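J.: In the UniProt record's numbering, the protein residues as written are 1 to 509.
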């Protein structure tokens, strides 16, 4: 308490207005091989056009671009992408086998020497389709030069009136590096470059690029936590909710994706089955039986979808099978935008998949009766509603509330939102006033979810029972949040009852 020394009015302010802030629920992340782009560095893209600009278009070696397009086509809007390539040592980034396209231009001296090194902004054979034209400067042709960048023959960038003098603001490195989307340059001439140090006139094509796909292995997709490669490249990104490795269906990669999701506890790993599987084979893949010998996939932080989707390939307009994970993630994002995170991302509305011609396998009702109890979420075709996600189970084997995606995602949402908003109580006195303050934060948040249909009921407890003297002496504060999550109606039973003509319905119902 302050000490008052003279009469007067003294004000004090107490803030009881803390509330649980809203968090992202539909941000997605993908790991895969791309045409171009930074390697083992997550990049945010919010549209298909941005994806093309950063990572290129469709390539034969990967389903990443197809999955990204499906994500945006089906309602997704926030996507983090990590491009990978082979590392001879997964624990050392410097063992990257991908190479940048480059060329060294010579100067205009009578005896030419190296003047300017130009390389693609990132690795890959895409850079071999880059060329640069060197022209005399527009304003000062005797001392400066222009550099024109072409990709696939089209002019993409023009840098005018460049200098080889590093003391000038138009020095070639200052003017191009960090500004160009296509190239990086290195001045190889003397510091006080002269006009004759300018690169020779002409058109020059870069070469030597390599995608780094030879000997590409599961370890490259999985990555290393100490190097933040592969899946672990997303460690520093908090706002992630969905994770995919499109089209990579090897057991080590799926197990790594599941382990990563379980370790974070704030995202769902969406797995694809292998491409050409029949229903019973899909069950075998999920359970690790039959022609498979791995342990069954078992986690509430992952979900498995079957079968693959048939699309019209934008490259050649031919039919092509692509993994479903991108479209599924897009549907989940669309479901969150239209409703809430606790609504099941399945059915004829929230689960409808767009821009898909057909499926790799069209399941019958009997086959779906086999797949769904085993935790395989079926994508089905119906004559009147098109192609729909027809299941929302996680890969948890033990029956519980979190064997459904809507409940698992609700729990992740509540846990993360409440945890992030409760930091204000850290280092506060461990007594009833702080306990009540935490309740004032959490109860309205849960009540709002209940009012919107996400919970049947809830209760919050933080009192002497949860915080015994022994707990308090350990400098701990314990609260309990009890929730009854809303379940989905997946099995609809309609009973038709015939009555006599004179029956009174009031007596029957």
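Ideal Cβ positions, reconstructed from N, Cα and C, are used throughout, including at glycine. Remember, it's a predicted structure, so these values are computed and weren't measured experimentally.
Within its chain, find whatever has a CB closer than 8 Å to the CB of residue 217; leave out the 5 residues flanking it on each side and keep chain order.
T.: Excluding positions up to five away in sequence, the list reads 86.
J.: Our contact map puts residue 81 next to residue 55 with C-beta atoms below 8 Å; I'd like the distance itself, whole angstroms only.
T.: Right, the Cβ-Cβ distance comes to about 6 Å (below 8 Å), so this counts as a contact.
J.: Taking C-beta to C-beta, are residue 172 and residue 161 nearer than 8 Å?
T.: Not a contact, by the Cβ cut-off of 8 Å.
J.: State the Cα-Cα distance for the pair residue 317 and residue 63, rounded to the nearest angstrom.
T.: Cα to Cα, the separation comes out at about 16 Å.
J.: Out of curiosity, what's the CA-to-CA distance linking residue 335 and residue 503?
T.: Those two C-alpha atoms are separated by around 44 Å.
J.: Expressed to the nearest angstrom, what Euclidean distance is found between the alpha-carbon atoms of residue 48 and residue 315?
T.: Rounded to whole angstroms, residue 48 to residue 315 spans 15 Å at the Cα level.
J.: With a threshold of 7 Å on Cβ separation, who are the neighbours of residue 204 within its own chain once the five nearest residues in sequence on each side are excluded?
T.: Only 103, 105, 131, 132 meet the Cβ criterion.
J.: Quick check: residue 341 and residue 46, are their CB atoms within less than 8 Å of each other?
T.: No.
J.: Could you give the C-beta distance for residue 271 and residue 295, rounded to a whole number, given that I count them as a contact under 8 Å?
T.: With a Cβ gap of about 14 Å, residue 271 and residue 295 do not count as contacting.
J.: Give a yes or no on whether the C-beta atoms belonging to residue 67 and residue 30 are separated by under 8 Å.
T.: Cβ atoms of residue 67 and residue 30: closer than 8 Å.
J.: On a Cα-Cα basis, can you pick out the residue from 481, 236, 435 that is closest to residue 457?
T.: Checked all of 481, 236, 435; the closest Cα to residue 457 is 481.
J.: Helix, strand or coil for residue 188 per DSSP?
T.: In the structure shown, residue 188 sits in coil (DSSP, three-state: anything other than H, G, I, E or B).
J.: Quick check: what's the CA-CA separation for residue 445 versus residue 20?
T.: Going from the Cα of residue 445 to the Cα of residue 20 covers about 6 Å.
J.: For residue 426, count neighbouring Cβ atoms within 10 angstroms of its own Cβ and tell me buried if that reaches 16, exposed if not.
T.: It counts as exposed.
J.: Assuming residue 479 and residue 441 are in contact, meaning their beta carbons sit under 8 Å apart, how far apart are those beta carbons, in whole angstroms?
T.: Their Cβ separation, rounded to whole angstroms, is 10 Å, which puts residue 479 and residue 441 out of contact at 8 Å.
J.: Kindly identify the DSSP beta-bridge partner or partners of residue 515.
T.: Outside the displayed range of the chain (1 to 509) lies residue 515, so it cannot be described from this structure.
J.: Based on Cα-Cα distance, which residue from 144, 360, 149 lies nearest to residue 166?
T.: Comparing Cα-Cα distances from residue 166 to each of 144, 360, 149, the minimum goes to 144.
J.: Residue 265: which of 323, 419, 90 sits nearest, CA to CA?
T.: The residue with the shortest Cα to Cα distance from residue 265 is 419.
J.: Give the DSSP-derived three-state secondary structure of residue 352 in the structure shown.
T.: Three-state DSSP puts residue 352 in a strand.
J.: In its own chain, which residues sit with a C-beta less than 8 Å from the C-beta of residue 435, not counting the 5 before and 5 after it?
T.: Hits under 8 Å: 462, 463, 467, 477, 479.
J.: Going by DSSP, what residue range makes up the beta strand (DSSP E) through residue 458?
T.: From DSSP, the beta strand (DSSP E) with residue 458 extends over 455 to 461.
J.: Check residue 524 in the structure and name its three-state DSSP category.
T.: One cannot answer for residue 524 here, as it falls past the ends of the chain, which runs 1 to 509.
J.: What did DSSP end up calling residue 106 once you bin it into helix, strand or coil?
T.: The answer is strand: DSSP assigns residue 106 an E or B state.
J.: To the nearest angstrom, report how far apart residue 304 and residue 447 are at their CA atoms.
T.: Rounded to whole angstroms, residue 304 to residue 447 spans 32 Å at the Cα level.
J.: Classify residue 39: buried if its beta carbon has 16 or more other beta carbons within 10 angstroms, exposed otherwise.
T.: Per the 10 Å Cβ criterion, buried.
J.: What whole-angstrom Cβ distance do residue 198 and residue 108 have, given they're in contact under 8 Å?
T.: With 8 Å as the limit, residue 198 and residue 108 qualify as a contact, their Cβ atoms being about 6 Å apart.
J.: I'd like the list of long-range same chain contacts for residue 214, defined as Cβ closer than 8 Å, with 5 residues on each side in sequence excluded.
T.: Same-chain partners within the cutoff: 86, 97.
J.: Roughly how many angstroms separate the alpha carbons of residue 380 and residue 288, rounded to a whole number?
T.: Cα to Cα, residue 380 sits roughly 24 Å from residue 288.
J.: Below 8 Å on the Cβ atoms is my guess for residue 231 versus residue 256; work out the distance and round it to an integer in Å.
T.: About 6 Å separates the two Cβ atoms, so the contact holds.
J.: The alpha helix (DSSP H) that contains residue 414, what's its start and end?
T.: Looking at the DSSP string, the run of the alpha helix (DSSP H) that includes residue 414 is 405 to 421.
J.: Starting from residue 397, trace the alpha helix (DSSP H) both ways and give me its first and last residue.
T.: First-last for residue 397: undefined, no H or E at that position.
J.: In or out: residue 113 buried (at least 16 other Cβ within 10 Å) or exposed?
T.: Exposed, since its Cβ has fewer than 16 Cβ neighbours within 10 Å.
J.: Applying the 10 Å Cβ sphere with the 16-neighbour rule, what's the burial state of residue 35?
T.: Residue 35 comes out buried.
J.: Starting from the C-beta of residue 193, find all residues in its chain whose C-beta is less than 6 Å away, skip the five residues before and the five after it, and write them out in chain order.
T.: Taken in chain order, the residues that qualify are 164, 165.
J.: Is residue 356 buried or exposed, if buried means 16 or more other CB atoms sit within 10 Å of its CB?
T.: When all chains shown are included, residue 356 counts as buried.
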